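Asker:
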Amino acid sequence: MSSLSRRRVLFGGAAVGAGALLTACTSNDTGTPAQVNQNSGDANAAPGDKVVIGFTAPAADHGWIAAITNNAKAQAQQYSDVELKVTEAGSDAAAQRAALATMIAEKPTIIVMLPHDGKELNSAAEEAMRAGIPVVNLDRAFPSRDAYRLQIKGDNFGMGLAAGSYIGEQLKAKGVSNPIIGEIPGIDSLELTQERSDGFNTALAVYGFKVANRRPADFTIDGGQKAATDLLQALPKMDALWNHDDDQGVGVLAAIKQANRSEFFMVGGAGAKSAIDAITADDTVLKATVTYSPSMASSAISLARLIAQGKGMSDLVELQVPKEITLASETITKENAAQYAKLGF
Amino acid sequence: MTTETAPAETRAGRERRRLDEGTIRNLGLVAVLVILVIIGIITRPELYSDPTWVRNNFLTILQQASAIGVVTVGMTFVIIGGGIDLSVGAIIALAAVWCTTVATQSFGAVGMIFTALAVGLGVGLVNGVLIAYGRLVPFIATLAMLVAARGLAAQISGKQTQISESSVINGIATTKIVGIPLLVIILAAVVAAGWVLLNRTTFGRRSVAVGGNPEAARLAGINVKRQTLLLYMLSGLCCGIAAIMLTSQATSAQAAMANLYELDAIAAAIIGGTLLSGGRGTIVGALFGVLVFSTITNLFAINNLSTEVQNMVKGGIIVAAVLVQQFRYQSLTQLFKR
Numbered sequence: 020m021s022s023l024s025r026r027r028v029l030f031g032g033a034a035v036g037a038g039a040l041l042t043a044c045t046s047n048d049t050g051t052p053a054q055v056n057q058n059s060g061d062a063n064a065a066p067g068d069k070v071v072i073g074f075t076a077p078a079a080d081h082g083w084i085a086a087i088t089n090n091a092k093a094q095a096q097q098y099s100d101v102e103l104k105v106t107e108a109g110s111d112a113a114a115q116r117a118a119l120a121t122m123i124a125e126k127p128t129i130i131v132m133l134p135h136d137g138k139e140l141n142s143a144a145e146e147a148m149r150a151g152i153p154v155v156n157l158d159r160a161f162p163s164r165d166a167y168r169l170q171i172k173g174d175n176f177g178m179g180l181a182a183g184s185y186i187g188e189q190l191k192a193k194g195v196s197n198p199i200i201g202e203i204p205g206i207d208s209l210e211l212t213q214e215r216s217d218g219f220n221t222a223l224a225v226y227g228f229k230v231a232n233r234r235p236a237d238f239t240i241d242g243g244q245k246a247a248t249d250l251l252q253a254l255p256k257m258d259a260l261w262n263h264d265d266d267q268g269v270g271v272l273a274a275i276k277q278a279n280r281s282e283f284f285m286v287g288g289a290g291a292k293s294a295i296d297a298i299t300a301d302d303t304v305l306k307a308t309v310t311y312s313p314s315m316a317s318s319a320i321s322l323a324r325l326i327a328q329g330k331g332m333s334d335l336v337e338l339q340v341p342k343e344i345t346l347a348s349e350t351i352t353k354e355n356a357a358q359y360a361k362l363g364f
Numbered sequence: 066m067t068t069e070t071a072p073a074e075t076r077a078g079r080e081r082r083r084l085d086e087g088t089i090r091n092l093g094l095v096a097v098l099v100i101l102v103i104i105g106i107i108t109r110p111e112l113y114s115d116p117t118w119v120r121n122n123f124l125t126i127l128q129q130a131s132a133i134g135v136v137t138v139g140m141t142f143v144i145i146g147g148g149i150d151l152s153v154g155a156i157i158a159l160a161a162v163w164c165t166t167v168a169t170q171s172f173g174a175v176g177m178i179f180t181a182l183a184v185g186l187g188v189g190l191v192n193g194v195l196i197a198y199g200r201l202v203p204f205i206a207t208l209a210m211l212v213a214a215r216g217l218a219a220q221i222s223g224k225q226t227q228i229s230e231s232s233v234i235n236g237i238a239t240t241k242i243v244g245i246p247l248l249v250i251i252l253a254a255v256v257a258a259g260w261v262l263l264n265r266t267t268f269g270r271r272s273v274a275v276g277g278n279p280e281a282a283r284l285a286g287i288n289v290k291r292q293t294l295l296l297y298m299l300s301g302l303c304c305g306i307a308a309i310m311l312t313s314q315a316t317s318a319q320a321a322m323a324n325l326y327e328l329d330a331i332a333a334a335i336i337g338g339t340l341l342s343g344g345r346g347t348i349v350g351a352l353f354g355v356l357v358f359s360t361i362t363n364l365f366a367i368n369n370l371s372t373e374v375q376n377m378v379k380g381g382i383i384v385a386a387v388l389v390q391q392f393r394y395q396s397l398t399q400l401f402k403r
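From first to last, the protein sequence lines stand for chains A and B.
Just add 19 to the spot in the first sequence (first one is 1) and you have this note's numbering.
Just add 65 to the spot in the second sequence (first one is 1) and you have this note's numbering.
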């Protein structure tokens, strides 16, 4: 037994050592700058009544959702009169409903909410509104108009439209008559993916073009890599490619590099920092990306503060913040990339 | 040392018959593969008329199967040993995220590879201890690990995508040795090692014995608990290898990666002839299972067919494979008696 116990001691020691080494390896200080509005010259920026903002967004491991929460926190910190109470909404609509009920009981001045699903959380938001707490509906829309005081969201159809128009213009300028166009959407069963693809097809139809092959990924990097590998194999020659999401785009670009392909150009989606950097460097096939920016979370916090303090948007005539705002999807190319660099997430 | 106490002749006889059944099943899977390729040739003759494309396509199918194939080898061992590992996707995500942190990357490629393998082994160890010594049901223990490991991965990564700056790691996906991608060579090596381990070592014999009848295995003098522990560590190690492969392919890692790999690996093992209740299974069959899925994906891609239909076809194949498995254990007469 003595030899056995010595072996055990050795193995145990090695395991503890490896464990210690591994724990040291979790440090990860990649300070990602948040998208905040630091515009302090405005009369609206002057401190007003104390505002408590209850914030809830789905807990997701996707970069975009992470940026949403980070932006909200960073923007709230810009105001001395804002206190942000973040409640992670858990993994599904039911968990978020429970989180919202707790939040209503705490009586914040205003609630900013990115729901798991607009339809499923509609009634919960109506409840908050009836309890006298205004709700700012972020991105995923509530169907009932009495469920929100302000709805601020991105434009999925517009995003597809922007990508399709850019690709159409570029190919027309190059004089390609019958182009082969590929598309890599995100999770295909989502409504937002369908809207993006609708917009894309609508824009391409203007030029008489259509998508030759479409391989959905799942918003993950390895999913993007796999989908892109399949697509490249299916289309030995391609003219243009639209990838819906820059996060999975990291994998898509890796697959393109691995397949040693460069005869086409690619357009991204969302406006991630890595994509803007690649467009600026201009050393990959990625030539443009159409935005769907999580900066909307920063704006939602700013507007929630104004609503709570009864202020309006100073450039508008109206004394109060409007009820609905849809962001425009902008096209980032090498020419204007520098301007957008600070908006990358 | 010998661990077999069953009557030698009948056991050997059964082994031989099993081998034949395994061969027949594998030939069936090869036939399915051939049919899929023929459908590809019929539907896209212009692509298949280019020999370079055909060669590339063959290698692409293998490459797309490489990471999941490695995971499936580990999974096959666990299932043969009477368990199940639902946490493989989560282990991959955790190992990949852990090995691409800023701190780990500062140790270079060796540090990253060591970390991925150590994390895989470590999580497998925890799974194994919970199941073998804590007497948790494998389904529950690994389900809990699935949730926890993804949580830890999200915690470490701060829910961000971590880019791998290591040219050695990223180079794994682009390196070719005599025209064959390194990823495919890794898969071949793991499959070969798995085959030898299962068929030519006492470890393999013990795994089959433990999965077939744990009580009999215990009475025969096998340390069932330790064997179970080792099987989950083996699965974890395979996940660590797959994590490096996937990180290399995506040149990055994130907590959401390797989504639903557990289902793909279990499905591939089962259509490869591994009995879900344990005690029987083949590594070669599992490899063919993975290749069938990979070839279907390829076939649907080159024909621009939707992934919805692809998932339905996949589901149908899994059901068909299990039905075939059941038929073999009931003679036709028994079937008609009911």
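Just so it is clear, CB atoms sit at the ideal spot from N, CA and C, and this is done for glycine as well.
Please read these numbers as outputs of a predicted model, since none were measured by experiment.
#1: Using a Cβ cut-off of 7 angstroms (strictly closer), state whether residue 322 of chain B contacts chain E.
#2: Output yes or no for whether 7 angstroms exceeds the beta carbon distance between residue 309 of chain B and residue 181 of chain B.
#3: Are the beta-carbon atoms belonging to residue 323 of chain B and residue 351 of chain B less than 7 angstroms from one another?
#4: With the cut-off set at 7 angstroms, would you say residue 316 of chain B and residue 44 of chain A are in Cβ contact?
#5: Contact between the stretch 55-72 of chain A and the stretch 288-295 of chain A: three or more CB pairs below 8 angstroms?
#6: Using a threshold of 7 angstroms, state whether the C-beta atoms of residue 154 of chain A and residue 130 of chain A are closer than that.
#7: Give me the Cα-Cα distance between residue 124 of chain B and residue 349 of chain A, rounded to the nearest whole angstrom.
#8: Which residues in chain A have a C-beta closer than 8 angstroms to the C-beta of residue 184 of chain B? List them in chain order.
#9: Helix, strand or coil for residue 39 of chain A per DSSP?
#10: How big is the Cα-Cα spacing for residue 102 of chain A and residue 205 of chain B?
#11: Please say whether residue 235 of chain B and residue 313 of chain B have beta carbons closer to each other than 7 angstroms?
#12: Between the stretch 288-308 of chain B and the stretch 206-215 of chain A, can you find at least three pairs of beta-carbon atoms closer than 8 angstroms?
#13: Relative to chain A, which residues along the stretch 342-365 of chain B have a C-beta separation below 8 angstroms, given in chain order?
#14: Do residue 162 of chain B and residue 221 of chain B count as a contact pair if the criterion is CB distance below 7 angstroms?
#15: Would residue 232 of chain A pass as an interface residue toward chain B - the criterion being a Cβ-Cβ separation below 7 angstroms?
#16: Ordered along the chain, which non-local residues of its own chain (more than five positions away) have a Cβ less than 8 angstroms from that of residue 57 of chain A?
#17: Rounded to whole angstroms, what is the Cα-Cα separation between residue 36 of chain A and residue 192 of chain B?
#18: Residue 353 of chain A lies in the beta strand (DSSP E); which residues open and close that run?
#19: How is the beta strand (DSSP E) around residue 232 of chain A delimited, first residue to last?
#20: Quick one: what's got a C-beta closer than 7 angstroms to residue 345 of chain A's C-beta in the same chain, skipping five residues either side?
#21: For the beta strand (DSSP E) that residue 74 of chain A lies in, which residues bound it at each end?
#22: Can you tell me which of the three DSSP states residue 140 of chain A falls into?
#23: Short of 9 angstroms Cβ to Cβ, which residues in the stretch 129-155 of chain B face chain A?
#24: May I have the straight-line CA-CA distance separating residue 132 of chain A from residue 147 of chain B, to the nearest angstrom?
#25: Quick one: residues in its chain with C-beta nearer than 7 angstroms to the C-beta of residue 267 of chain A, no 5 flanking neighbours on either side, listed in chain order?
#26: Answer yes or no: does any C-beta atom of chain A fall closer than 7 angstroms to that of residue 339 of chain B?
#27: Cα-Cα, which of A/278, A/311 and A/359 is closest to residue 299 of chain A?
#28: Report the neighbours of residue 241 of chain A on chain B: residues whose CB is nearer than 7 angstroms to its CB, in chain order.
#29: Quick one: is the Cβ of residue 95 of chain A within less than 6 angstroms of any heavy atom of the ligand MN?
#30: Apply the 10 Å Cβ neighbour rule to residue 229 of chain B and answer buried if 16 or more other Cβ atoms are within range, or exposed otherwise.
#31: Say whether chain B places a C-beta atom closer than 7 angstroms to the C-beta of residue 35 of chain A.
#32: Could you please give me the residues that DSSP links to residue 320 of chain B through a beta bridge?
#33: Starting from residue 210 of chain B and walking both ways along the alpha helix (DSSP H), at which residues does that stretch end?
#34: Cα separation between residue 274 of chain B and residue 337 of chain B?
#35: Between residue 10 of chain B and chain A, is the shortest Cβ-Cβ distance under 7 angstroms, so that the two count as touching?
#36: From the DSSP output, which residues share a beta bridge with residue 246 of chain B?
Answerer: Taking the geometry as given:
#1: Of the protein chains in the structure, A and B, none is chain E.
#2: Yes, Cβ-Cβ distance for residue 309 of chain B and residue 181 of chain B is below 7 angstroms.
#3: no
#4: no
#5: no
#6: yes
#7: 39 angstroms
#8: 41
#9: helix
#10: About 41 angstroms.
#11: Taking 7 angstroms as the Cβ cut-off, residue 313 of chain B and residue 235 of chain B qualify as a contacting pair.
#12: no
#13: 362 and 363
#14: Taking C-beta atoms as the reference points, residue 221 of chain B and residue 162 of chain B count as a pair closer than 7 angstroms.
#15: yes
#16: If we look at residue 57 of chain A and ignore the five residues flanking it on each side, its Cβ neighbours are 97.
#17: 20 angstroms
#18: Premise fails: residue 353 of chain A is in no beta strand (DSSP E) and is neither H nor E.
#19: 230-233
#20: Taken in chain order, the residues that qualify are 172 and 174.
#21: Counted as a single uninterrupted DSSP element, the beta strand (DSSP E) harbouring residue 74 of chain A occupies residues 70-76.
#22: Look at residue 140 of chain A here: in three-state DSSP terms it is coil, with no helix or strand label.
#23: Listed by position along the chain: 129 and 132.
#24: 46 angstroms
#25: Closer than 7 angstroms at Cβ, skipping near neighbours: 205, 236, 238, 239, 240, 242 and 243.
#26: no
#27: A/359
#28: 311, 314, 315, 322 and 323
#29: In terms of ligand content, the structure shown is empty, and the ligand MN therefore cannot be addressed.
#30: buried
#31: No - not a single Cβ of chain B is within 7 angstroms of the one on residue 35 of chain A.
#32: Answer is none; residue 320 of chain B lacks a bridge partner.
#33: 203-222
#34: 19 angstroms
#35: With chain B covering 66 to 403 only, the question about residue 10 of chain B has no answer from this structure.
#36: B/241
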